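Heads up, the thing below is written out as C-alpha cells.
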Amino acid sequence: MMTYAIRNLTVAEGAAIHLDGLDVELPASGVVTVIGRTLSGKTTFLKVLAGLQAVRSGSLVRDGVDLLKIPAWKRRVGMVYQQFVNYPHLNVRDNIAFPLKRAGCTPSEIAAKITYVSDLLGLGPYLDRRPAELSGGQQQRVALARALVKDTDFLLLDEPLVNLDYKLREQLRDEFRRIFRDSKDRLVVYATTEPAEAMILQGHVIILHEGKVIQTGDYRDVFHYPANTIAAQVFNDPPMNLLDGEIASGRLILGASLATPLPAHFSTLAPGRYTFGLRATDLVLGGEFSATVALAEVNGSLTVLHLDLDGRNLVLEEEGVHLFQLGDRIGFTPDSGRFYAFDGATGTLIAAPPRRSVSGQKD
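Counting the sequence shown from 1 gives a position; my numbering is that position plus 312.
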C-alpha cells in the first residue's frame, strides 16, 4: 500500500524547535488524527503538509517524489482552520464554487459538485444566503464544503470544531465520521486536542508532544496500549490517573490508604517501584477507600470528581448527576483489573490490562 513517508522532519525558528526530527508514515488515504496538547506542533505539522511552512530538514516522499520540494500552489490540498474563513460578499453557492471556477471546471461540473456536497452537509436550504445570515455551525460547514469539492490529495482540518458550542460539536463530529469513513481517494488529516474526536473518527492516530511523535498506530491500539505516561494522559479525557507506588508482598500499594490485591496481569512483574495508571472511568463511587472532594463537575450526564488522596490528585468519572460539596469525604473503589504499569524512571509502558471494547467485552 502506498504511503507518505516522513523522515527527519524538523521545523525550527532560531533556537525554538517546533517539530523535532519526525519519522512517521501516513497512509495514502483514510483518516489520520493528530492529537496533542496546545503547542505540541499539530498546526505546524499541517502547515508543512500544505506547503505553508518552511522546514529546516527532512523529506515527505510519496511514490518517489519529495513533496517538500513542490510549492504550495502546486500541491493538491484543502484546509479548514479552527477559525473558519468564508468570503463574506459571496453567498453559500458561490463560496463553494470559488475553487471550482479557479480550477476551470465547467458550469455543469460545478453545479453537480455543489449539489452533492450541499446535500452531504445539509446546506441545500442555505445556498442563496451570505455567511452573515448563517449560524457558526453552518458557516463551518460552508468552509468544509469548499474544501471537500476540491480535487485534493490532502484534506487538512486544524481543530475545526474548537470554537463551536457543545451541541454543534457533537453534531459535526458525527457528520465528519460519516463523510470521512469511506475516504478512499484522499488523506484526511485532522488535528485536535480531544481524544473523543479521534475515537469518533477512528482510523490512524499520531500523538505529538513538544514537537516529537510519542506514539502512532490504529486508534484502538493507541487507546489500549499507550506507549508511555505522556500518551496515557494525552489520549484520555480526563487524563489517566498516574500514581507512584510499589508491588510488595503480593499487593499493589499506592500509599498508606490505598492498596489492592495484585492484578493477574501484573503477576510477572518483579517487586519494586512503578508508576501505575488508571482511567477515571475505572474508579467507581462507594467502597472501602476514601478521599476528599477537591472539585466536582457535572458535564452533561456525567459527574467528574477531583479527589484529594493523601495529597495526590485522583479523578473519578461516573455516569449520572451526583452532587457533592468541596471537602466532602466519599468512598470509592478502583477496578484493580484495569491498572496499567509504567516504568517509574522512563514512563514506558510495562504491563497493560486485558483489551476490551467499549461495551466491556474483550476484542
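Just so it is clear, CB atoms sit at the ideal spot from N, CA and C, and this is done for glycine as well. Source: prediction; values computed, not measured.
#1: Can you tell me whether Met391 is helix, strand or coil according to DSSP?
#2: Count the other CB atoms within 10 Å of the CB of Pro575; is the residue buried (16 or more) or exposed (fewer)?
#3: Taking the C-alpha atoms as reference points, what is the distance between Glu482 and Phe396?
#4: Any contact of the region 582 to 601 with the region 547 to 567, i.e. 3+ C-beta pairs under 8 angstroms?
#5: Applying the 10 Å Cβ sphere with the 16-neighbour rule, what's the burial state of Thr345?
#6: Please classify Arg490: does DSSP put it in a helix, a strand, or coil?
#7: Please classify His401 as buried or exposed, where buried requires at least 16 neighbouring CB atoms within 10 angstroms.
#8: Apart from the five residues on each side of it in sequence, which residues of its chain come closer than 6 angstroms, Cβ to Cβ, to Val373?
#9: Classify Gly436: buried if its beta carbon has 16 or more other beta carbons within 10 angstroms, exposed otherwise.
#10: Quick check: what's the CA-CA separation for Leu364 versus Trp385?
#11: How do the region 323 to 337 and the region 517 to 528 stand: do at least 3 beta-carbon pairs fall below 8 angstroms, yes or no?
#12: Figure out for me which residue from Arg414, Leu614, Arg532, Gly390 has the closest Cα to the Cα of Pro550.
#13: Okay, do the region 406 to 416 and the region 459 to 476 touch, 3+ Cβ pairs below 8 angstroms being the bar?
#14: Only counting the same chain, and skipping five residues up and downstream in sequence, which positions put a Cβ closer than 7 angstroms to that of Lys674?
#15: Since I believe Val500 is in contact with Val343 (beta carbons under 8 angstroms), could you give me their beta-carbon distance rounded to a whole number of angstroms?
#16: So, under 8 angstroms CB-CB, Leu621 and Ala592 are touching, yes? Tell me the CB distance rounded to an integer number of Å.
#17: Give the list of continuous alpha helix (DSSP H) stretches no shorter than 4 residues that lie fully inside the region 492 to 561.
#18: Terminal residues of the continuous beta strand (DSSP E) containing Pro472?
#19: How many angstroms separate the CA atom of Gln637 from the CA atom of Ser602?
#20: Quick test of the definition: if touching needs 3 or more C-beta pairs under 8 angstroms, does the region 375 to 383 touch the region 540 to 550?
#21: Excluding five sequence neighbours on each side, which residues of the same chain lie with their C-beta closer than 6 angstroms to the C-beta of Leu480?
#22: My output table needs one value for Val670: the three-state DSSP class, helix, strand or coil.
#23: What span of residues does the alpha helix (DSSP H) with Arg362 cover, start to end?
#24: Spatial neighbours of Gly326 within its chain, please: CB distance less than 7 angstroms, with the 5 preceding and 5 following residues excluded, ordered by chain position.
#25: Please state whether the Cβ-Cβ distance between Gln394 and Pro472 is less than 8 angstroms.
#26: What residue range does the alpha helix (DSSP H) around Asp431 cover?
#27: Would you identify the three-state DSSP class for Pro443, choosing helix, strand or coil?
#28: Work out the CA separation of Ser371 and Leu433 for me, nearest whole Å.
#29: Report the residue from Gly643, Gly623, Asp378 whose alpha carbon sits nearest the alpha carbon of Arg319.
#30: Alpha helix (DSSP H) containing Ala610: first to last residue?
#31: What residue does the alpha helix (DSSP H) around Pro411 start on, and which one ends it?
#32: In terms of residues, what are the limits of the beta strand (DSSP E) holding Gly370?
#33: Go through its chain and collect everything with a Cβ distance to Ile422's Cβ below 8 angstroms, but skip five positions before and after it.
#34: Helix, strand or coil: which one does DSSP assign to Phe636?
#35: Quick check on Arg563: does DSSP put it in helix, strand or coil?
Once the coordinates are examined:
#1: Looking at Met391 - three-state DSSP - the assignment turns out to be strand.
#2: Buried, because 16 or more other Cβ atoms sit within 10 Å of the Cβ of Pro575.
#3: C-alpha of Glu482 to C-alpha of Phe396: approximately 17 angstroms in a straight line.
#4: Using a C-beta cut-off of 8 angstroms, the region 582 to 601 makes contact with the region 547 to 567, since at least three inter-stretch Cβ pairs fall below that distance.
#5: It is buried - the Cβ of Thr345 has at least 16 other Cβ atoms within 10 Å.
#6: Note: Arg490 maps to helix in three-state DSSP.
#7: By the 10 Å Cβ count, His401 comes out exposed.
#8: Excluding positions up to five away in sequence, the list reads Ala317.
#9: Exposed, since its Cβ has fewer than 16 Cβ neighbours within 10 Å.
#10: Straight through space, the alpha carbons of Trp385 and Leu364 are spaced by roughly 10 angstroms.
#11: Result yes; three or more Cβ-Cβ pairs closer than 8 angstroms.
#12: Ranking the options by Cα distance to Pro550, first place goes to Leu614.
#13: Remark: three or more beta-carbon pairs, one from each stretch, lie closer than 8 angstroms, so the region 406 to 416 and the region 459 to 476 are flagged as touching.
#14: Here Lys674 scores only 46 on pLDDT, less than 50, and its place in the model should not be relied on; the value that follows carries that caveat. By the criterion of a C-beta distance shorter than 7 angstroms, Lys674 is surrounded in its chain by Pro666, Arg667, Arg668, once the five residues flanking it on both sides are discounted.
#15: A Cβ-Cβ distance of about 5 angstroms is found for the pair Val343 and Val500, placing them in contact under the 8 angstroms criterion.
#16: Rounded to whole angstroms, the Cβ separation of Leu621 and Ala592 is 13 angstroms, and the two are not in contact under 8 angstroms.
#17: For the region 492 to 561, whole alpha helix (DSSP H) runs of length 4 or above, ordered along the chain, are 507 to 513, 531 to 536, 541 to 546.
#18: Run containing Pro472: none; DSSP gives neither H nor E here.
#19: Between Gln637 and Ser602, the C-alpha separation is close to 15 angstroms.
#20: The answer is no - the region 540 to 550 does not touch the region 375 to 383, with fewer than three Cβ pairs under 8 angstroms.
#21: Apart from sequence neighbours up to five positions away, the residues of its chain that approach Leu480 with a beta-carbon distance below 6 angstroms are Gly449, ordered along the chain.
#22: Note on Val670: pLDDT 49, under 50, position unreliable in the model; no value is reported.
#23: Going by the sequence as given, residue 362 is Ala instead of Arg. From DSSP, the alpha helix (DSSP H) with Ala362 extends over 354 to 362.
#24: When the five nearest sequence neighbours on each side are left out, no beta carbon in the same chain lies closer than 7 angstroms to the beta carbon of Gly326.
#25: Cβ distance < 8 angstroms, so Gln394 and Pro472 count as in contact.
#26: Segment 419 to 433, the alpha helix (DSSP H) holding Asp431.
#27: DSSP, read as helix, strand or coil, puts Pro443 in helix.
#28: Straight-line Cα distance between these residues: approximately 35 angstroms.
#29: Considering only alpha carbons, the answer is Asp378.
#30: Looking at the sequence provided, one finds Val at residue 610 rather than Ala. Where Val610 is concerned, there is no enclosing alpha helix (DSSP H), although the beta strand (DSSP E) it sits in stretches over 595 to 611.
#31: Annotation: the continuous alpha helix (DSSP H) that includes Pro411 extends over 404 to 414.
#32: That run of the beta strand (DSSP E) goes 369 to 374.
#33: Contacts found: Ala409, Leu412, Lys413.
#34: Residue state for Phe636 is assigned as coil, using DSSP reduced to three classes.
#35: Reduced to three states, the DSSP call for Arg563 is strand.
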